[in-house]
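Novice: If you scroll down you'll find the structure; I have some questions about it.
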Amino acid sequence: MSGDKPPFYLGGIASVVACFVSTPGDLVKVHLQTSRGQMKSILTAIREIIASKGITGMYTGNTAQMLRQSTYSTARIGIYEAIISKIRASRGPDSPLRMHELIAASSIGGFIGGCIGNPCDVALVRMQTDLAHPPEVRKNYKHVFDALFRIARNEGFMTLYSGLVPNLGVSVVMTVSQIASYDFFKQIVLKYTNLKDSSVTTHFASSALASITAATAVSPIDVAKTRIMNSKNNEYKNLFDALTKIPRQEGIKALYKGWTPSLFRLAPHTIVMFLVLEQLKIFYFKYQNASRSKPIIIPAIN
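In the working numbering, the protein residues as written are 2 to 303.
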């Protein structure tokens with residue numbers, strides 16, 4: 002993914018495009034994570050959502066997801082790319098990236114992106130979990146801005162930053178396990194196969210491996226974050242309290258509630274995001290090089 006410095010906003014564009022294939026999986030994941038007691042199946046969760054809101058209910062929270070990605074992912078991917086570009090500039094474009102460099106760059110990007118995207122994340126969780134409540138107590142948010150305004154007005158502005166610590170944990174772990182691992186797997190694919198850097202097969206294989214890594218690494222923290230953000234009575238004091246209380250009360254498997262739909266969400270989202278991002282970068286640099294190679298025509302003076 003890394004090379005010459007691309008425009009800061011390309012990661013955000015790619016992530017927003019990926020939302021259209023990942024929102025249903027994300028909704029099912031949150032539905033499973035917030036359920037108590039016996040674990041539901043994916044099909045049960047899907048049936049409950051469709052029975053409650055219809056087929057369009059599978060895209061509940063899509064506006065929040067898109068706004069979140071346009072802020073959160075623009076920041077985390079843009080910052081990561083900027084740091085990696087500086088590292089490459091100091092050593093040469095063909096120098097392999099070391100694991101600690103990938104982890105450091107993605108951690109910084111994930112931390113800053115998590116801070117920026119937290120309000121949209123709270124709105125997203127509230128919109129998605131609203132379906133699980135009885136009809137008479139639902140908030141029925143119209144869109145993300147309605148959710149943001151009503152949460153801030155009725156519960157206080159700082160409610161939009163509830164779950165910030167676990168969200169930062171998720172953001173850092175997600176960015177490391179998704180973006181850094183993508184570049185790591187991509188280097189391995191290029192080293193041990195005859196595939197080229199610009200090959201769609203290279204991008205697909207690397208992103209598929211990155212999605213499995215991300216789903217496994219982030220699941221426990223993601224469950225804790227979702228529970229904290231959806232908590233009404235401060236049931237969990239902090240991230241550590243949630244990570245210890247959930248398995249104690251519901252079993253260790255509860256920390257992996259939603260792992261399968263999480264993978265179903267992350268796999269297409271990650272694959273589409275990186276495929277789109279790589280093509281945007283190829284198009285950008287091709288256009289940039291073509292512009293540079295055009296001769297400068299000085300009009301004749303009569």
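Cβ coordinates follow ideal geometry from the N, Cα and C atoms, glycine included. Every value quoted in this text rests on a predicted model; they were computed, and no experiment measured them.
Within the same chain, show all residues whose beta-carbon is closer than 8 Å to that of Tyr285, passing over the 5 residues directly before and after it, in chain order.
Specialist: Once the five neighbours on either side are set aside, the close Cβ partners of Tyr285 are Pro7, Pro8, Leu11.
Novice: For Ile117, which residues from the same chain have a beta carbon less than 8 Å from its beta carbon, with the 5 sequence-adjacent residues on both sides left out?
Specialist: Thr72, Tyr73, Ala76, listed in sequence order.
Novice: Terminal residues of the continuous alpha helix (DSSP H) containing Ile152?
Specialist: Note, Ile152: alpha helix (DSSP H), 145 to 156.
Novice: Does the Cβ-Cβ distance between Leu132 and Gln66 come in under 8 Å?
Specialist: No. Outside cutoff.
Novice: Determine the DSSP secondary structure at Pro167, reduced to helix, strand or coil.
Specialist: Three-state DSSP puts Pro167 in a helix.
Novice: Which same chain residues end up closer than 8 Å to Thr35 when comparing Cβ atoms and leaving out the 5 residues on each side of it in sequence?
Specialist: Correct list, in chain order: Thr130, Ala133, Thr227, Arg228, Asn231.
Novice: Just to confirm my understanding: we take Tyr60, look at its own chain, exclude 5 residues before and 5 after, and list those with CB closer than 6 Å. What are they?
Specialist: Result list for Tyr60: Thr24, in chain order.
Novice: Helix, strand or coil for Tyr142? Go by DSSP, reduced to three states.
Specialist: Three-state result, Tyr142: coil.
Novice: What ranges does the alpha helix (DSSP H) occupy inside the segment 171 to 228, keeping only unbroken runs of at least 4 residues that lie completely in it?
Specialist: If we require 4 residues or more, the alpha helix (DSSP H) runs fully inside the segment 171 to 228 come out as 182 to 193.
Novice: Per DSSP, what kind of secondary structure is Arg48 in: helix, strand or coil?
Specialist: Here Arg48 sits in helix by DSSP.
Novice: Measure the alpha-carbon distance for Ile253 versus Met159 and round it to whole angstroms.
Specialist: Spanning the two alpha carbons is a distance of roughly 31 Å.
Novice: CA-CA distance, Leu161 and Leu276?
Specialist: Distance between the alpha carbons of Leu161 and Leu276: 32 Å.
Novice: Considering only the alpha carbon of each residue, which of Ser178, Ala90, Ala206, Thr194 lies closest to Val219?
Specialist: Here the closest residue by C-alpha is Ser178.
Novice: Terminal residues of the continuous alpha helix (DSSP H) containing Asp242?
Specialist: Element bounds for Asp242: 240 to 251.
Novice: Could you check which residue in Ile152, Ile47, Gln250, Phe185 has the C-alpha nearest to that of Ala211?
Specialist: The shortest C-alpha separation from Ala211 is found at Phe185.
Novice: Val273 to Ala15, Cα distance in whole Å?
Specialist: About 8 Å.
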